[in-house]
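The structure appears right after this line, and notes come after that.
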Amino acid sequence: MSQGVNAPNQFELFMLMPGEKRVEIKEDTRIPNTVTVIFNKEDHTLGNLVRHAVLKQPSVLFAGYKVPHPLEPRTLVRIQTDGSKTPIQALRDACQVLITNFADLSRGFAEEIRMWRPAGQAGPGGGPGGMGQAGPGQGGMPGVVGMGQAGMGYGGQGADSVFGQSYAEM
Numbered sequence: 001m002s003q004g005v006n007a008p009n010q011f012e013l014f015m016l017m018p019g020e021k022r023v024e025i026k027e028d029t030r031i032p033n034t035v036t037v038i039f040n041k042e043d044h045t046l047g048n049l050v051r052h053a054v055l056k057q058p059s060v061l062f063a064g065y066k067v068p069h070p071l072e073p074r075t076l077v078r079i080q081t082d083g084s085k086t087p088i089q090a091l092r093d094a095c096q097v098l099i100t101n102f103a104d105l106s107r108g109f110a111e112e113i114r115m116w117r118p119a120g121q122a123g124p125g126g127g128p129g130g131m132g133q134a135g136p137g138q139g140g141m142p143g144v145v146g147m148g149q150a151g152m153g154y155g156g157q158g159a160d161s162v163f164g165q166s167y168a169e170m
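By the UniProt record's numbering, the letter at position 33 of the sequence shown is numbered 33, and the numbering carries on one by one without gaps.
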């Protein structure tokens, strides 16, 4: 499949090149207690999550993000605090909150899977390789289609696993 003239190499959208850092921090010398955090190889997904979490910190006066250009895989997040915390500390605290939220989401999802699966039944879709509608007593949630064997789904993980943990282990 050929790429368009302006389309970047798909590999370059997420892999760091030699000498490239995942995160860079630039202090703003014009505005006190302000930094710009550059997330390389990231987009609106991370930018908006971080901005929202940072804004919930009481010491933060401003937090915003931008993606300079759609073909340039980097996100800039600007943070200004009132001085009671540094912008970097506000970012660290916000990231800790996000990590906790995602861990809670993962645990809640695993618990929901446990509640829906009858004891001793295989994963969604009626077992490994099952592609039919899964219903009560068929090893899955009503109306949910199974996606095949573990390791066969998108990104190298099948639908029979969540966050690197198989449904059977949950």
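Ideal placement from N, C-alpha and C gives every residue a C-beta, glycine not left out.
Which residues does DSSP pair with residue i in a beta bridge?
{"i": "V75", "result": "Here residue 75 turns out to be Thr, not Val, going by the sequence shown. Answer is F39."}
{"i": "K66", "result": "L76"}
{"i": "E111", "result": "Beta-bridge pairing links E111 to no other residue."}
{"i": "I25", "result": "V37"}
{"i": "V60", "result": "T81"}
Express the C-alpha separation of residue j and residue i in angstroms, rounding to a whole number.
{"i": "N101", "j": "L91", "result": "15 angstroms"}
{"i": "A110", "j": "P118", "result": "14 angstroms"}
{"i": "L98", "j": "N6", "result": "34 angstroms"}
{"i": "G153", "j": "P32", "result": "Caution is warranted here: a pLDDT of 37 is assigned to G153, below 50, making its placement in the model unreliable, and the coordinate value is therefore given only provisionally. One C-alpha to the other measures close to 48 angstroms."}
{"i": "P18", "j": "R114", "result": "43 angstroms"}
{"i": "S161", "j": "P70", "result": "For S161, the pLDDT reaches just 47, beneath the cut-off of 50, and the residue's location in the model is therefore unreliable, leaving the point undetermined."}
{"i": "G148", "j": "R30", "result": "Summary for G148: the model assigns pLDDT 41, below 50, so the residue's position carries little reliability; its value from the coordinates is reported in the next sentence. Spanning the two alpha carbons is a distance of roughly 56 angstroms."}
{"i": "A94", "j": "S84", "result": "15 angstroms"}
{"i": "L46", "j": "P58", "result": "21 angstroms"}
{"i": "A103", "j": "E112", "result": "14 angstroms"}
{"i": "P128", "j": "Q10", "result": "Note on P128: pLDDT 45, under 50, position unreliable in the model; no value is reported."}
{"i": "G108", "j": "K56", "result": "23 angstroms"}
Can you give me the Cβ contacts of residue i inside the same chain, cut-off strictly under 6 angstroms, excluding the 5 residues immediately before and after it?
{"i": "F62", "result": "Q80"}
{"i": "T34", "result": "D28 and Q80"}
{"i": "L60", "result": "Note that residue 60 corresponds to Val in the displayed sequence, not to Leu. Correct list, in chain order: V54, T81 and A90."}
{"i": "R78", "result": "T36 and G64"}
Looking only at its chain, what residues have a beta carbon closer than 8 angstroms to the beta carbon of residue i, apart from the 5 residues adjacent to it on each side?
{"i": "P73", "result": "P8, E12, L13, F14, N40, K41, E42 and D43"}
{"i": "L105", "result": "none"}
Looking only at its chain, what residues have a beta carbon closer than 7 angstroms to the beta carbon of residue i, apart from the 5 residues adjacent to it on each side?
{"i": "E20", "result": "N40"}
{"i": "P87", "result": "N33, T34, V35, I79, Q80 and T81"}
{"i": "L76", "result": "T36, I38, Y65, K66 and P68"}
Can you find a heavy atom of the ligand NAD that lies under 7 angstroms from the Cβ of residue i?
{"i": "K85", "result": "For the structure depicted, the ligand NAD is absent and the ligand set is empty, with no information on it obtainable."}
- Message: Check whether the segment 12-26 and the segment 34-50 touch, using three or more Cβ-Cβ pairs below 8 angstroms as the test.
- Response: With the cut-off at 8 angstroms, the segment 12-26 and the segment 34-50 touch.
- Query: Just checking, does the segment 65-74 make contact with the segment 44-52 on the three C-beta pairs under 8 angstroms criterion?
  - Reply: yes
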